[in-house]
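According to the UniProt record's numbering, the sequence shown holds residues 1 to 242 in order. Just so you know, even glycine gets a beta-carbon here, dropped at the ideal spot from N, CA and C. Note sheet for the following structure.
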Amino acid sequence: MNIVRHIPNTITCLNLLSGTGAVIHAFQDRFDIALGFIILAAVFDFLDGLAARVLHAYSDTGKELDSLSDVVSFGVAPSLILYNFLDGFTVGVKPWVCFIPLLIAAFSAVRLARFNVDTRQSENFIGLPVPASGLCAASAAAFADHYHTLANQLVANNYAMPALSLILSILMVCSLPMFSLKFKSLKWTVNTERYIFLCTTIPVSVTLLILGLHWTGIVFFIFAFYIIWNAAAALFRKLSDK
């Protein structure tokens with residue numbers, strides 16, 4: 001048996017296991033640890049593709065396993081983090097509001113199903129990638145939970161986190177073009193937008209960290225900025241074409 005060809009799928013399974021770890025800690029209201037597991041899942045999600053390319057170990061099974069793992073780690077886990085975040089407030093949150101974040105899990109599955117049959121998304125994305133959505137959602141809850149005053153303000157009107165859930169869900173299935181954060185080469189010509197994005201976010205993130213912003217807020221800033229960047233770029237391109 002060729003063990004090498006199973007390495008990418010093994011890494012993908014570690015992605016899935018990380019996602020289940022995030023779910024466990026979500027129900028324990030340890031949102032920062034849950035976010036940590038989702039970040040770990042994102043690392044494995046990057047490494048399995050890298051391993052497949054380096055080892056030339058592509059397979060249809062690996063492609064399907066990757067999507068199933070992503071649904072758990074970046075769809076189900078973040079939606080349950082937000083569910084438990086809202087459910088933890090006995091005052092100011094109507095019971096039905098807690099279920100709105102579960103839409104993230106459903107739309108993540110739709111997004112991944114579309115991605116698997118869409119040949120246009122080999123280099124960049126059409127719509128928000130599921131890992132970015134999951135990290136944005138999970139970091140928002142973890143960041144707000146760390147600053148309890150902020151958390152109370154966010155849920156006081158019942159709108160902030162449910163609105164974020166709806167926005168992320170819509171972005172995953174919309175036709176907004178978004179660049180991929182994965183590098184297939186180091187050439188400037190094919191990675192110009194990625195390099196500019198990194199050269200902008202890294203110094204700002206380090207500065208915010210030095211100023212005392214909690215690390216969960218740094219994660220939220222990076223992925224919220226990624227969404228805003230792509231939306232602004234798409235709007236600029238549309239205006240330029242007129």
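Would you grab the beta carbon distance between residue i and residue j for me? Rounded to a whole angstrom, and I think it's under 8 angstroms.
i, j, result
"ALA34", "ILE81", "5 angstroms"
"VAL155", "LEU86", "6 angstroms"
"SER67", "ASN116", "6 angstroms"
"LEU176", "ALA140", "At roughly 19 angstroms, the Cβ-Cβ gap does not stay under 8 angstroms, so LEU176 and ALA140 are not in contact."
"SER79", "LEU102", "5 angstroms"
Measure the alpha-carbon distance for residue i versus residue j and round it to whole angstroms.
i, j, result
"PHE221", "SER205", "8 angstroms"
"ILE218", "THR119", "33 angstroms"
"TRP215", "ILE228", "20 angstroms"
"GLY62", "LEU239", "40 angstroms"
"PHE223", "THR207", "17 angstroms"
"CYS199", "ILE170", "28 angstroms"
"LYS182", "ALA232", "20 angstroms"
"ILE196", "THR189", "12 angstroms"
"ASN158", "HIS148", "16 angstroms"
"SER133", "GLY21", "18 angstroms"
"ARG5", "PRO203", "39 angstroms"
"ASP241", "LYS187", "27 angstroms"
"ALA52", "VAL43", "14 angstroms"
"ASN191", "ASN230", "15 angstroms"
"ASN124", "ILE210", "33 angstroms"
"GLN153", "ALA160", "9 angstroms"
Beta-carbon separation of residue i and residue j under 8 angstroms?
i, j, result
"ALA138", "ILE11", "no"
"GLY127", "ILE104", "no"
"LEU50", "ASN9", "no"
"PHE27", "ASP145", "no"
"PHE107", "VAL173", "yes"
"ILE3", "ALA57", "no"
"ASP45", "PRO131", "yes"
"LEU166", "CYS136", "no"
"PHE225", "THR201", "yes"
Tell me which same chain residues have a C-beta within less than 6 angstroms of the C-beta of residue i, skipping the five on either side of it?
i, result
"SER69", "THR12, ASN15 and LEU16"
"PRO162", "VAL97 and ILE100"
"ALA142", "PHE31, ASP32, LEU35 and THR216"
From which residue to which residue does the alpha helix (DSSP H) around residue i run?
i, result
"HIS25", "7-26"
"LYS238", "215-241"
"ARG53", "31-55"
"ASP60", "60-70"
"ASN84", "77-87"
"LEU171", "160-173"
"ILE104", "103-117"
"CYS136", "130-146"
Keeping to the same chain, check which residues put their C-beta closer than 8 angstroms to that of residue i; ignore five residues upstream and five downstream.
i, result
"GLY19", "PHE37, ILE38, ALA41, SER69, VAL72, SER73, PHE74, VAL76 and ALA77"
"GLU193", "PHE179 and ALA233"
"VAL110", "MET172 and VAL173"
If I measure Cβ to Cβ from residue i and keep anything under 7 angstroms in the same chain, skipping five residues before and after, which residues do I get?
i, result
"ASP29", "ASN84 and GLY88"
"ALA151", "ALA144 and ASP145"
"HIS25", "ILE33, ALA34 and PHE37"
"LYS94", "ASN158"
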